[in-house]
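In the numbering used here, the protein residues as written are -2 to 496. We treat Cβ as the ideally placed atom computed from N, Cα and C, and that holds for glycine. Below is one structure, written out as structure tokens; comments come after it.
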């Protein structure tokens, strides 16, 4: 520890004692000097006022008898009074009646009273005579106050010197009493900091705070010495364990590299298998579409040829409708695949959702009738008639599929007598919104995964793709879809489109 720029604490304590004592004493002398000078000046003013009043009484007769010489004799008696430098008697018009020494100027007088300066004062008193306004003015010197102040400061300096000598002795005693233990403590700390030798101790015993500090410091050194020894033993053990662990880590690293190579090979194999599977699915979908053209085309030919009974026409139309539905399913799977891969090219056109929902109502009429479920379509809170419009920007076939999946899912989840409500409106931001609500709650087992793929519950032929594909269509259009469900409130699906 470097002590090149360190000031000993004992010296600071001595300086603090001396400085505080001398500053307090000097301040007390200065504070006492002010009232003493003020008292001196006040006493001089009182004496001068009494002298002026006595002189005014003695000058009444000379003024009344117009005897300036007698008045001058009276004024010259002031020479017997120390400090009087001049006096004068002024008549009411300011004329000097009699004067002595260096009298004050009449223009400086403001009437009877006392006026003071730094080293003098002037006292004016009214002469009780028949001449109204006659004044006697006396000049008194206060130069004696400076001699009084000098003697006071000289005695104060002697006292201050004596106090300084006594304080210096006491400060040296306190400095040795407090500074020597601290100096030894500082020296030991510096040696320990440089040599790391925790066996050193400070030799000082006392019943004050310094004694407690030194005792605790010595005890702390003992604990540090003990811990340092234990740390040395533990360090040796840790170094041995680190060597063993390093060797084990090298072995594990070699095994991990081997496993990483196997994992990389497995990932490549599975990626290749997934590519093959997707290619097979695309080929199968293409083959299904090619074969399905016969299922759709032949019913058209049979209907054009005629000579069919009404029952045969009905059955052929059902075959044709089933073929078209299957074609839509295949197309939907192809579109779903493209959307999942993020390569679907969306063809946005103005689409009337009122017309789309009305067509779906006709399509789902058999299912609604058989299930005893009512479907209500509302536009801005009112039931639609069929000639209204509610236009959004999107791809019509996809939006129709989205609406069919959500409405059909709500109808299938409803019980006989329930009502499924489809609402069209604008939100507070002016964005078009589609809401599908039914009184049946979503089962608790699938609420958190409602829009995930292959999630279904309680449906015998459910695939878990309806809501998944609908949500995929919504996200492809840049819209938002939310689901709220509860035992009391039922289920509400809300889609918010872009403006």
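- The residues 296, 300, in chain order, have a CB closer than 8 Å to that of residue 314 in the same chain once the five nearest residues on each side in sequence are set aside.
- DSSP places residue 392 outside both helix and strand once states are collapsed to three, so it counts as coil.
- With 16 or more neighbouring CB atoms inside 10 Å of its own CB, residue 392 falls in the buried class.
- Going by DSSP, residue 57 is part of no beta strand (DSSP E) but of the alpha helix (DSSP H) stretching over 57 to 61.
- A Cβ-Cβ separation of about 7 Å places residue 131 in contact with residue 86 under the 8 Å criterion.
- Linking residue 210 to residue 224 through their CA atoms gives a straight-line distance of about 21 Å.
- Between residue 10 and residue 107, the C-beta spacing is not below 9 Å.
- Across the set 267, 454, 324, the C-alpha of 324 shows the shortest separation from the C-alpha of residue 293.
- Looking at the backbone, the Cα of residue 217 and that of residue 232 are separated by about 22 Å.
- Residue environment for residue 401: buried (at least 16 other C-beta atoms within 10 angstroms of its C-beta).
- Distance from the Cα of residue 473 is smallest, within the candidate group 485, 489, 494, for 494.
- Note on the segment 15 to 99: whole alpha helix (DSSP H) runs with a minimum of 4 residues are 57 to 61, 65 to 73, in chain order.
- With 16 or more other CB atoms across the displayed protein chains lying within 10 angstroms of its CB, residue 465 is buried.
- Inclusion of residue 419 and residue 404 in the CB contact set at 9 Å is warranted, their separation being smaller than that value.
- In terms of Cα proximity to residue 115, the closest of 26, 39, 396, 389 is 39.
- Assignment of beta strand (DSSP E) within the segment 384 to 459, counting only whole runs of 3 or more residues, yields 388 to 391, 416 to 423, 429 to 435 in chain order.
- Taking C-alpha positions only, residue 345 is separated from residue 387 by approximately 15 Å.
- Of the residues assessed, residue 332 falls on the buried side of the cut-off, its CB having 16 or more other CB atoms within 10 angstroms.
- Three or more beta-carbon pairs separated by less than 8 Å are not found between the segment 47 to 66 and the segment 20 to 29, which leaves the two stretches without contact.
- Here the alpha carbons of residue 71 and residue 145 stand approximately 31 Å from one another.
- Under the DSSP assignment, residue 115 falls outside any alpha helix (DSSP H); it carries neither an H nor an E label.
- Remark: C-beta atoms of residue 354 and residue 408 do not approach each other more closely than 9 Å.
- DSSP places residue 476 outside both helix and strand once states are collapsed to three, so it counts as coil.
- Here the C-alpha atom of residue 123 lies approximately 9 Å from the C-alpha atom of residue 54.
- The residues 289, 292, 293, 296, in chain order, have a CB closer than 8 Å to that of residue 320 in the same chain once the five nearest residues on each side in sequence are set aside.
- Taking the C-beta atoms as reference points, residue 431 is found no nearer than 9 Å to residue 470.
- Excluding residues up to 5 positions away in sequence, 14, 15, 18, 19 lie with their Cβ nearer than 8 Å to the Cβ of residue 164 in the same chain.
- In this structure residue 397 is buried. Its beta-carbon is surrounded by 16 or more other beta-carbon atoms within 10 angstroms.
- Around the beta-carbon of residue 234, fewer than 16 other beta-carbon atoms lie within 10 Å, marking it exposed.
- Residue 315 sits in a helix when the DSSP states are folded into three classes.
- The C-beta of residue 12 has fewer than 16 other C-beta atoms within 10 Å across all chains shown, which makes the residue exposed.
- Of the candidates 438, 238, 90, 90 places its Cα closest to the Cα of residue 129.
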